[in-house]
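Novice:
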């Protein structure tokens with residue numbers, strides 16, 4: 020039996036042991052290039068959802084440049100790798116953010132699955148299932164670009180949010196990422212356009228990318244909304260405080276709150292049918 024099959028068996032056994040049928044909604048947040056505000060969006064989206072009385076967990080899966088902790092102004096002592104090694108219980112790698120948000124640094128724990136022994140595999144799988152039990156939403160902040168780690172997460176999740184800006188290179192790189200995502204027919208790709216000056220600019224950028232995706236990839240994109248250019252957001256980053264906390268009335272804060280409200284309440288963006296167990300199994304297959 021290969022290592023991946025062992026992992027799938029562990030997932031099946033772990034989920035069968037639990038009588039809790041709850042499945043968190045898993046959303047990966049990615050981008051074709053760095054510097055477009057992906058992590059900033061993830062952090063503030065988590066707060067916006069938490070303000071809607073949802074239990075939210077963020078997993079920082081950007082293995083090259085983890086910044087979730089920086090934007091929250093915290094210094095995590097542990098990550099999932101410490102759980103895998105048996106150094107700490109899973110609860111100790113969770114750091115609390117505003118509105119009781121769970122913040123987890125993935126470290127190399129998730130992508131090193133294939134190199135783990137049976138005992139380590141069981142620890143990590145049980146850890147991931149624990150996050151499901153304590154969350155309504157699990158937001159996975161991936162790296163940017165087309166690395167194996169990024170594609171593993173976006174391929175495994177049923178919901179994918181791609182963050183772009185009006186910058187032409189951002190649009191081009193986002194298309195390259197989407198091209199790698201759309202191989203699965205049931206994949207829901209949602210687009211967030213950051214740093215727009217107006218709704219008209221947002222519409223223009225979305226239509227440009229949507230037309231290319233429709234013509235060459237035969238796929239539709241979902242327009243999740245626009246985040247307006249806002250100096251308050253830059254100030255919040257320098258303060259290491261999420262903009263929804265530092266400047267709750269700022270236009271960028273209101274933009275993100277509207278996106279969160281639509282995600283939760285608009286039937287257009289209903290939860291995809293994938294369970295958390297399915298997500299883990301697909302992630303195992305990808306790595």
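Residue numbers (the numbering used here): 20 to 306. Just so it is clear, CB atoms sit at the ideal spot from N, CA and C, and this is done for glycine as well. Just so we're clear, the structure is a prediction, and the values are computed from it rather than from any experiment.
(1) Please classify residue 278: does DSSP put it in a helix, a strand, or coil?
(2) Spatial neighbours of residue 112 within its chain, please: CB distance less than 7 angstroms, with the 5 preceding and 5 following residues excluded, ordered by chain position.
(3) Please report how far the alpha carbon of residue 75 lies from the alpha carbon of residue 121, in whole angstroms.
(4) With which residues is residue 213 paired in a DSSP beta bridge?
(5) What's the gap between the Cα of residue 195 and the Cα of residue 215?
(6) Grab the span of the alpha helix (DSSP H) containing residue 188 for me, first residue to last.
(7) Near residue 90, which residues of its chain fall below 8 angstroms by C-beta distance, leaving aside the five closest residues on each side in sequence?
(8) Taking the beta carbon of residue 182 as the centre, do at least 16 other beta carbons fall within 10 Å, making it buried, or is it exposed?
(9) Classify residue 270 as helix, strand or coil using the three-state DSSP reduction.
(10) Taking 8 angstroms as the threshold, find out whether the stretch 44-55 comes into contact with the stretch 246-253 through three or more Cβ pairs.
(11) Measure the alpha-carbon distance for residue 67 versus residue 284 and round it to whole angstroms.
(12) Could you please give the first and the last residue of the uninterrupted alpha helix (DSSP H) stretch that includes residue 263?
(13) Give the single residue among 147, 210 and 56 whose Cα lies nearest to the Cα of residue 302.
Specialist: In this structure, then:
(1) helix
(2) 97, 98, 99, 101, 102 and 123
(3) 6 angstroms
(4) 246
(5) 21 angstroms
(6) 187-200
(7) 58, 59, 62, 256, 259 and 261
(8) buried
(9) helix
(10) no
(11) 13 angstroms
(12) 262-265
(13) 147
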